[in-house]
């Protein structure tokens, strides 16, 4: 897979969605299912690294690019991340008023709600790749509750999971 | 409204953008405060840019960063701000990805990373949930529930982009009831 194709595939995911999580199902479909240049475990790791770093959640495409093609791939991921931001400037100026039309907002709202279903679907293979024991299932459930119900920052949730995983390894290793 | 130097603009976006974790909303609020306090933009301008950034394609907060910096210093400002905001964070992401590769086979690091991967599953599902929650108001619940359920079902046969397009088309015809 050429670097340019990788960029276009990632751009397809970033430019056709409205935020970071929405692009996840498209990237999985393209890079894990169709082209097989990435595994579900790597995709989950990419999301984890992005959640542990500053910046927007969509920055996980940089990590995805790195997994697919090293540093040049990370650069392609960065370009795919920032390209829509530059396209948005003339778009905002040209059709900003129209985007506030109730029908246009309703269209976008429908796409956002549909993306919520897709996000859940994309989590299923990631769960198959990483949630293998009741202990890890409880971590996944706890992470959901912490982020969805209490709005604990995801970076704190990941740090807690890392600590729990390390503690489990140390206890079982004795 | 004043016009700062490119270095000052880039420095501000770099500092705020790379010191906030999690929600892009935090970055938006902090940047709005900073640029209005310095007299670079007005609060209504920031509010308008955020509203538009939420409905144009791409990452919301990045569109906000590009649009506000463009309003302050045209295209050079937009490019400088987006680079200043994303390059340090991207370098950190690459470093963490490298660390993942080196630690995943470690006797303690490996299980720790596996546990972190498990937490990501919960975080991703929570991201979907948080998109739905604001749309569960009385009068919108049936529409939202139907759309989510339909997306779950049709995603078995259709690629994600087609599901999003169908969701948009359905949204166009089945509008949310205004309160």
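Residue numbers (our numbering), protein chains in the order written: chain H, -13 to 160; chain F, 463 to 641. By construction, the Cβ of each residue, glycine as well, lies at the ideal position given by its N, Cα and C atoms. Just so it is clear, the structure is predicted and the values come from calculations on it, not from any experiment.
Below-8 Å beta-carbon distance, residue i vs any chain H residue
i, result
"residue 492(F)", "no"
"residue 503(F)", "no"
"residue 581(F)", "yes"
"residue 496(F)", "no"
"residue 534(F)", "no"
"residue 584(F)", "yes"
"residue 597(F)", "yes"
"residue 481(F)", "yes"
"residue 604(F)", "no"
"residue 578(F)", "yes"
"residue 467(F)", "no"
"residue 542(F)", "no"
"residue 588(F)", "yes"
"residue 573(F)", "yes"
"residue 601(F)", "no"
"residue 643(F)", "With chain F represented from 463 up to 641, any question about residue 643(F) goes unanswered, as that position is not in the structure."
"residue 593(F)", "yes"
Test: residue i CB closer than 8 Å to a CB of chain F
i, result
"residue 70(H)", "yes"
"residue 52(H)", "yes"
"residue 21(H)", "no"
"residue 129(H)", "yes"
"residue 99(H)", "yes"
"residue 25(H)", "no"
"residue 133(H)", "yes"
"residue 148(H)", "yes"
"residue 104(H)", "yes"
"residue 35(H)", "yes"
"residue 62(H)", "no"
"residue 58(H)", "no"
"residue 143(H)", "yes"
"residue 152(H)", "yes"
"residue 107(H)", "yes"
"residue 48(H)", "yes"
"residue 155(H)", "yes"
"residue -11(H)", "no"
"residue 55(H)", "no"
Buried or exposed by the 16-neighbour rule on C-beta atoms within 10 Å, applied to residue i
i, result
"residue 158(H)", "exposed"
"residue -13(H)", "exposed"
"residue 142(H)", "exposed"
"residue 110(H)", "exposed"
"residue 78(H)", "buried"
"residue 548(F)", "buried"
"residue 15(H)", "buried"
"residue 511(F)", "buried"
"residue 135(H)", "exposed"
"residue 53(H)", "buried"
"residue 87(H)", "exposed"
"residue 557(F)", "exposed"
"residue 609(F)", "buried"
"residue 95(H)", "buried"
"residue 606(F)", "buried"
"residue 589(F)", "buried"
Short-range partners of chain H found in the region 611 to 636 of chain F, where Cβ spacing is below 8 Å: 611, 612, 613, 614, 617, 621, 622, 623, 625, 626, 627, 628, 629, 630, 631, 632, 633, 634 and 636
Cβ contact check for the region 98 to 118 of chain H and the region 606 to 619 of chain F: 3 or more pairs under 8 Å: Contact holds: three or more Cβ-Cβ distances are below 8 Å.
Chain F contacts made by the region 110 to 125 of chain H, where a contact means CB separation under 7 Å: 112, 113, 116, 117, 122 and 125
Contact set between the region -9 to 4 of chain H and chain F, restricted to residues whose Cβ is under 9 Å from the partner: Answer set for the region -9 to 4 of chain H: -2, -1, 0, 1, 2, 3 and 4.
The region 590 to 605 of chain F / the region 43 to 58 of chain H touching (three or more Cβ pairs under 8 Å): no
Stretch-stretch touch, CB-based, cutoff 8 Å, three pairs: the region 64 to 83 of chain H with the region 576 to 583 of chain F: no
contact_flag[the region 31 to 42 of chain H, the region -9 to 4 of chain H] where n(CB pairs < 8 Å) is 3 or more: no
Inter-stretch contact (C-beta, 8 Å, three-pair minimum) for the region 10 to 20 of chain H and the region 622 to 631 of chain F: Yes, the region 10 to 20 of chain H touches the region 622 to 631 of chain F.
At least 3 beta-carbon pairs within less than 8 Å: the region 562 to 573 of chain F vs the region 534 to 549 of chain F: no
Segment contact flag, the region 148 to 158 of chain H with the region 477 to 491 of chain F, C-beta cutoff 8 Å, min 3 pairs: no
Secondary structure, alpha helix (DSSP H): runs of 4+ residues fully inside the region 566 to 605 of chain F: 571 to 594
Contact the region 22 to 29 of chain H vs the region 111 to 122 of chain H: 3+ CB pairs below 8 Å: yes
The region -4 to 7 of chain H / the region 520 to 540 of chain F touching (three or more Cβ pairs under 8 Å): yes
Three-pair Cβ contact test at 8 Å for the region 502 to 516 of chain F versus the region 524 to 532 of chain F: yes
Cβ-based contacts, 7 Å cut-off: residues of the region 548 to 570 of chain F near chain H: If the cut-off is 7 Å between Cβ atoms, the region 548 to 570 of chain F has 548, 551, 552, 554, 555, 556, 558, 559, 562, 569 and 570 near chain H.
Interface positions of the region 511 to 533 of chain F facing chain H (Cβ-Cβ less than 8 Å), listed along the chain: 511, 513, 514, 515, 516, 517, 518, 519, 520, 521, 522, 523, 524, 525, 527, 528, 529 and 532
Any alpha helix (DSSP H) of 4 or more consecutive residues that is wholly inside the region 522 to 574 of chain F: 522 to 565
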